[in-house]
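Peer 1: Residue numbers (the working numbering), protein chains in the order written: chain X, 1 to 310; chain U, 1001 to 1331. Note that beta-carbon positions come from the ideal geometry of N, C-alpha and C, so glycine has one too.
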Ligand code: SF4
Ligand code: SF4
Ligand code: FES
């Protein structure tokens, strides 16, 4: 029985980080996940719409939840920020019937209403809790065992913890578990739960890059070969702005940043080109040189293909 | 249960750098970290410096870093910490100067609280007497204000120590002072011009637009003040009051305009919304934009709206009220 979800892609995976969408699609089948994409879904508001117009943000998300409810499916997010915003919105809509009624009266004019029956889950949580680390381990063909990998959670998948309820924000473990299942070594560093600065990067660049730089420098000084994040907004800050982040902390970072499904895909032996890694601004060949040569050895060896068919 | 407490010790006058010292202690059921620290001081090492008074989460003096997060020592159970982390480390609040061991210098904290003038302006009194109303000015009309929970703050400093923006920019007014400021903006006794003066101060650099919404202050606050939510309310009030030209305000109004137009965020158009026609700053983002373009990371600025965009506009029209105000300010 496949695990089936309504995929909420979010804006970034359809915009500036298309490699996140590509790599998600490349890995889910192997993990027994099927998705129906919510192609008519809107932006979740990213916390920004909620700053200006809290009720608009709630209504946008209720509209998306209603679309998933029509399919009878829980929502799968692939963005830490979407997860935080949508999870909190869903909780409020379920707990405040008056609010939900008010929103539904507007939704029903042009579409389905939301009855408050679905859940919103991030891919990371689905992999850890529903697919299971055992199953993930079975799919690992290219163990990442010489890599020290720094997990970078991002804010919205951890805090406020009472709206999320998955990881302990003081001591999260889900990314570490996934890294270990891929046979990599997770790097312990304080910055793993901190902020990438992205929400203010356009208007307060100095603050944002100082945050990103501090966290990446700490990861690197702690021995990280690369970083992995479940949030594409963190990815933009850490990857696109890495040169400036390095300047802010006087360090040459050269730290490749992978999206969560790219890490999974490389470990599962999926060709790097199918995971969109060439779209990153910080090159990732220190990783792919190793994983690609291992993958070639695998496919060269007779019997692997037939083994995979079992 | 016999446990090791690893305490960060530091006397800036004599020590070159902080050092971690282990203390072994038999802890009884139900003991707090503060009780354990007091016993360590009494039974093992009288030179350990810490600050406390009420022992019951009222005075706000015992905030410290316990197992890497900001907590009131008097409210933190030793057993729960062991269950959660398997160890106990105790350190002074981060990002504030250490006076000795667990005692930090709160001067900058109090300075920022004072900077937001946490008292009613004199005009709150004057305007009342001029109108000759019998209402006593220091009494709050019961039904006309909402302070959320910001007046529950005990000034412990935990939020400031945890604040990621303060960590890289020490001039940032910070969560506690901004939450305090919001309490006075929500107070109905002050006239509109006094509120506008407050907002003009708060929208300056190092004010409300420096918060990255990392949620650390919300997570660590022992009194559920939710400072970040107070900052968000301040931002909204600033935009509503027409103070909508700062980059942060444009981020919000521009973002909403893009969602209203096409349902999803378009990263190709967002910098223009935030930066507008400031040439110097556009030139700053342009090189990154070109590199993104080269790597296939710039979505088409002409991307069509999502299916069902009419419903998105209905949502904005039904629940939104900011648009009129911000449009008026931009013209
Ligand atoms: S949400 Fe804002 S004020 Fe609160 S800790 Fe984060 S940056 Fe600081
Ligand atoms: S807002 Fe909360 S954490 Fe910050 S000083 Fe006040 S009580 Fe302490
Ligand atoms: S001793 Fe007063 S708050 Fe802890």
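Quick one: what does DSSP say residue 1179 (chain U) is sitting in, helix, strand or coil?
Peer 2: Looking at residue 1179 (chain U) - three-state DSSP - the assignment turns out to be helix.
Peer 1: Any heavy atom of ligand 2 closer than 6 Å to the Cβ of residue 1223 (chain U)?
Peer 2: Checking the Cβ of residue 1223 (chain U) against ligand 2 gives yes.
Peer 1: Over what stretch of residues does the alpha helix (DSSP H) that includes residue 1235 (chain U) continue unbroken?
Peer 2: 1227-1240 is the span of the alpha helix (DSSP H), which, as asked, contains residue 1235 (chain U).
Peer 1: Are the C-beta atoms of residue 20 (chain X) and some chain U residue less than 7 Å apart?
Peer 2: Answer no: the Cβ-Cβ gap between residue 20 (chain X) and chain U never drops below 7 Å.
Peer 1: For ligand 1, which residues count as neighbours when the test is a C-beta closer than 7 Å to any heavy atom?
Peer 2: Ordered along the chain, the selected set is X:195, U:1159, U:1162, U:1163, U:1164, U:1165, U:1166, U:1174, U:1175, U:1178, U:1211, U:1212, U:1213, U:1214, U:1215, U:1216, U:1217, U:1218, U:1227, U:1228, U:1231.
Peer 1: At a cut-off of 6 Å, is residue 1088 (chain U) close to ligand 2 when judged by its beta-carbon and the heavy atoms of the ligand?
Peer 2: Outside the cutoff, so no.
Peer 1: For residue 1271 (chain U) and residue 15 (chain X), which I take to be in contact (beta-carbon distance under 8 Å), what is that distance rounded to the nearest angstrom?
Peer 2: Going by Cβ atoms, the distance from residue 1271 (chain U) to residue 15 (chain X) rounds to 13 Å, so no, they are not a contact pair.
Peer 1: What is the rounded straight-line gap between the Cα of residue 162 (chain X) and the Cα of residue 1155 (chain U)?
Peer 2: If you take the alpha carbons of residue 162 (chain X) and residue 1155 (chain U), they lie about 23 Å apart.
Peer 1: Which residues mark the beginning and the end of the beta strand (DSSP E) in which residue 1244 (chain U) is found?
Peer 2: Neither: residue 1244 (chain U) is in no beta strand (DSSP E) and is coded neither H nor E.
Peer 1: Buried or exposed for residue 235 (chain X), going by 16 or more other Cβ atoms inside 10 Å?
Peer 2: Its Cβ being crowded by 16 or more others within 10 Å, residue 235 (chain X) is buried.
Peer 1: Name the chain X residues whose beta carbon is nearer than 8 Å to that of residue 1314 (chain U)?
Peer 2: Those within 8 Å of residue 1314 (chain U) in chain X are 106, 109, 110.
Peer 1: Between residue 7 (chain X) and chain U, is any beta-carbon pair separated by less than 7 Å?
Peer 2: Judged by the 7 Å Cβ criterion, residue 7 (chain X) is not in contact with chain U.
Peer 1: At least one CB of chain X closer than 7 Å to the CB of residue 1318 (chain U): is that the case?
Peer 2: Judged by the 7 Å Cβ criterion, residue 1318 (chain U) is in contact with chain X.
Peer 1: I believe residue 249 (chain X) touches residue 213 (chain X) by the beta-carbon criterion, under 8 Å. Please report the beta-carbon distance rounded to the nearest angstrom.
Peer 2: Indeed, because the Cβ distance is near 4 Å, the residues count as touching under 8 Å.
Peer 1: Taking 6 Å as the limit between beta carbons, can you name the residues of its chain near residue 264 (chain X), skipping five residues before and five after?
Peer 2: Correct list, in chain order: 27.
Peer 1: For the candidate residues U:1024, U:1059, U:1303, whose alpha-carbon lies nearest to that of residue 1222 (chain U)?
Peer 2: For the residues U:1024, U:1059, U:1303, the minimum Cα distance to residue 1222 (chain U) belongs to U:1059.
Peer 1: From residue 227 (chain X) to residue 258 (chain X), what does the alpha carbon distance come to, in whole angstroms?
Peer 2: Cα to Cα, the separation comes out at about 6 Å.
Peer 1: Going along chain X in order, which residues have a C-beta closer than 8 Å to the C-beta of residue 1310 (chain U)?
Peer 2: Per Cβ cutoff of 8 Å: 110.
Peer 1: Indicate whether residue 1234 (chain U) and residue 1167 (chain U) have their beta-carbon atoms separated by less than 7 Å.
Peer 2: It is not a contact, given that the beta carbons lie outside the stated cut-off.
Peer 1: Run the CB neighbour count on residue 146 (chain X), radius 10 Å, all protein chains shown included, and call it buried at 16 or more, exposed below.
Peer 2: Exposed is the call here.
Peer 1: Whose CB is closer than 7 Å to a heavy atom of ligand 3? List the residues in chain order.
Peer 2: Qualifying residues, in the order they occur: U:1034, U:1052, U:1053, U:1054, U:1055, U:1056, U:1057, U:1058, U:1059, U:1060, U:1061, U:1062, U:1072, U:1073, U:1074, U:1075, U:1154, U:1156.
Peer 1: Here's a check: name, in chain order, each residue in its chain whose Cβ is nearer than 6 Å to the Cβ of residue 1226 (chain U), leaving out the five neighbours to either side.
Peer 2: If we look at residue 1226 (chain U) and ignore the five residues flanking it on each side, its Cβ neighbours are 1218.
Peer 1: Where DSSP assigns a beta bridge to residue 121 (chain X), which residues make up the other side?
Peer 2: The partner list for residue 121 (chain X) (beta bridge, DSSP) reads X:76.
Peer 1: Given a limit of 8 Å on CB to CB distance, which residues of the stretch 18-51 of chain X reach chain U?
Peer 2: Residues passing the 8 Å Cβ filter: 18, 39, 40, 41, 42, 43, 45, 46, 47, 48, 49, 50, 51.
Peer 1: Starting from residue 1026 (chain U), follow the beta strand (DSSP E) in both directions and report where the run begins and ends.
Peer 2: Start and end: 1019-1026.
Peer 1: Rounded to whole angstroms, how far is the Cβ of residue 1169 (chain U) from the Cβ of residue 207 (chain X), which I believe are closer than 8 Å?
Peer 2: Right, the Cβ-Cβ distance comes to about 5 Å (below 8 Å), so this counts as a contact.
Peer 1: Please confirm whether residue 1203 (chain U) and residue 1244 (chain U) have their CB atoms less than 7 Å apart.
Peer 2: No, these two residues do not count as a Cβ contact at 7 Å.
Peer 1: Go ahead and pull the three-state DSSP assignment for residue 1135 (chain U).
Peer 2: A caution first: residue 1135 (chain U) carries a pLDDT of 47, below 50, which makes its placement in the model too unreliable to give a value.
Peer 1: What is the DSSP secondary structure of residue 1087 (chain U), reduced to helix, strand or coil?
Peer 2: Coil at residue 1087 (chain U), not helix or strand.
Peer 1: Does the beta-carbon distance from residue 37 (chain X) to residue 7 (chain X) come in below 7 Å?
Peer 2: Going by C-beta atoms, residue 37 (chain X) is nearer than 7 Å to residue 7 (chain X).
Peer 1: Whose C-alpha, out of X:271, X:179, X:279, is nearest the C-alpha of residue 293 (chain X)?
Peer 2: Residue X:271 is the option with its Cα nearest to residue 293 (chain X).
Peer 1: Can you name the residues of chain U whose CB is closer than 9 Å to the CB of residue 211 (chain X)?
Peer 2: Neighbours of residue 211 (chain X) on chain U, chain order: 1164, 1165, 1167, 1168, 1212, 1214.
Peer 1: Compute the beta-carbon to beta-carbon distance between residue 267 (chain X) and residue 142 (chain X), rounded to the nearest angstrom, for a pair I have assumed lies under 8 Å.
Peer 2: With a Cβ gap of about 6 Å, residue 267 (chain X) and residue 142 (chain X) count as contacting.
Peer 1: Three Cβ pairs or more, each shorter than 8 Å: is that satisfied between the stretch 117-130 of chain X and the stretch 192-203 of chain X?
Peer 2: Taking 8 Å as the limit for Cβ pairs, the verdict is that the stretch 192-203 of chain X does not touch the stretch 117-130 of chain X.
Peer 1: Excluding sequence positions up to five away, which residues of its chain have a Cβ less than 7 Å from the Cβ of residue 1211 (chain U)?
Peer 2: Counting only Cβ-Cβ distances below 7 Å, and skipping sequence neighbours, we find 1165, 1228, 1231.
Peer 1: Counting along the chain, where does the beta strand (DSSP E) carrying residue 228 (chain X) start and finish?
Peer 2: Counting along the chain, the beta strand (DSSP E) containing residue 228 (chain X) begins and ends at 226-229.
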